[in-house]
Every structure is written in structure tokens, then in C-alpha cells.
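Novice:
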Amino acid sequence: MMHKKEGNMVFAKFDKGEDLFESILKLLDIYGIRGGTVLSGIGMLRDFEIGYFNGKEYEKKFVERNHELVALHGSISEDEPRLHLHAGLAGPDHVIIGGHLFGGKVDPLLEITIVVSSFPMKRVYNDKTNLKELSF
């Protein structure tokens with residue numbers, strides 16, 4: 002992993018085989034990030050799990066083959082889950098699969114940009130949506 006912080010922005014490049022979530026969480030610890038946004042991400046993932054929330058639970062799909070990351074964004078909070086990421090990924094057939102990203106391995110590389118908030122963000126369970134939502 003290579004990373005640099007400038008102002009309220011963090012730029013990072015992850016290498017082949019790195020676990021995307023573990024690597025981002027490591028960045029949050031390195032820079033003491035307690036809230037923010039994953040603004041963008043490009044690269045490729047393999048062995049990733051993507052989900053669709055049906056109103057009660059996530060319907061998950063595991064994909065082994067490398068896919069091109071065409072969109073990555075989400076929120077960062079100081080409590081669990083610290084990362085809430087959504088992704089769009091295209092396979093060799095150029096068909097896009099997308100939804101809530103639960104994890105994946107970088108292959109061969111992935112670059113992200115994080116915007117760090119000046120205040121901590123928390124997650125609070127909302128029994129109407131059945132989700133832990135951001136709270137400031």
C-alpha cells in the first residue's frame with residue numbers, strides 16, 4: 002500500500018492480494034479518521050462479495066473472477082460498521098454488477114480517494130429501515 006494525506010484528502014494505492022476493507026481500515030487508523038467519505042475508487046477486484054438489501058437482509062453474491070471497478074463510494078464512521086461501501090464492477094462480458102460491497106481482494110491494483118470530515122460520524126440503528134444509519 003502507498004498513501005498520502007493532503008489537507009482533508011487521503012490518496013491511496015493498494016497492491017495485488019491486499020484485502021480492500023483491511024487496507025482501508027488500516028488507513029483510517031494511520032490518519033485517525035473518525036468520519037468521512039470514500040469519494041472514488043478505480044482498479045480491479047476479485048473474490049468480492051456484493052449484496053442487495055431487500056428491506057430485511059442482504060441478498061449476497063460472491064464473485065471469484067476479476068472485475069473492473071467502475072464505481073466505488075461510501076461513508077466512514079467511527080463505530081461499526083466503520084465502512085459502508087457501494088460498488089459497480091464490470092466483468093469480461095461488460096455486464097455491470099453492483100450493490101453493497103462486503104469485501105474483496107485487490108488484483109492487480111486499486112486506487113482510492115477519501116475525503117476526511119472535520120467531525121466524527123456515528124451509526125445509529127433505525128428500526129424503521131432495519132439499518133444502522135449515519136448520525137452526526
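For the sequence shown, position 32 matches number 33 in my numbering, and the numbering has no gaps at all.
Glycine included, C-beta positions come from ideal geometry on N, C-alpha and C.
Small disclaimer: the values here were computed from a predicted structure and weren't measured.
Hey, quick one: how far does the alpha helix (DSSP H) through Lys57 stretch, first residue to last?
Specialist: Neither: Lys57 is in no alpha helix (DSSP H) and is coded neither H nor E.
Novice: So, for Met122: in the same chain, excluding its five sequence neighbours on each side, which residues have a beta-carbon less than 8 Å away from its beta-carbon?
Specialist: Contacts found: Arg35, Gly36, Gly37, Ser76, Ile77, Ser78, Glu79, Leu135, Ser136 and Phe137.
Novice: So, with DSSP's three-state summary, where would you put Glu108?
Specialist: Note that residue 108 is Asp in the sequence shown here, rather than Glu. Looking at Asp108 - three-state DSSP - the assignment turns out to be strand.
Novice: Comparing alpha-carbon positions, which option in Ala13, His68 and Gly52 lies nearest Ser41?
Specialist: Of the listed residues, the one whose Cα sits closest to Ser41 is Ala13.
Novice: Between which residues of its own chain and Thr114 is the CB-CB distance below 7 Å, once the five residues before and five after are set aside?
Specialist: Met10, Phe12, Leu40 and Ser41, listed in sequence order.
Novice: Quick one: Cα of Asp94 to Cα of Tyr59, how far?
Specialist: Roughly 25 Å between the two C-alpha positions.
Novice: Is it the case that the Cβ atoms of His68 and Leu90 are separated by a distance below 7 Å?
Specialist: Yes.
Novice: Determine the DSSP secondary structure at Glu79, reduced to helix, strand or coil.
Specialist: Here Glu79 sits in coil by DSSP.
Novice: Of the residues Glu19, Tyr126, Gly8 and Tyr32, which one's Cα is nearest the Cα of Pro82?
Specialist: Residue Tyr126 is the option with its Cα nearest to Pro82.
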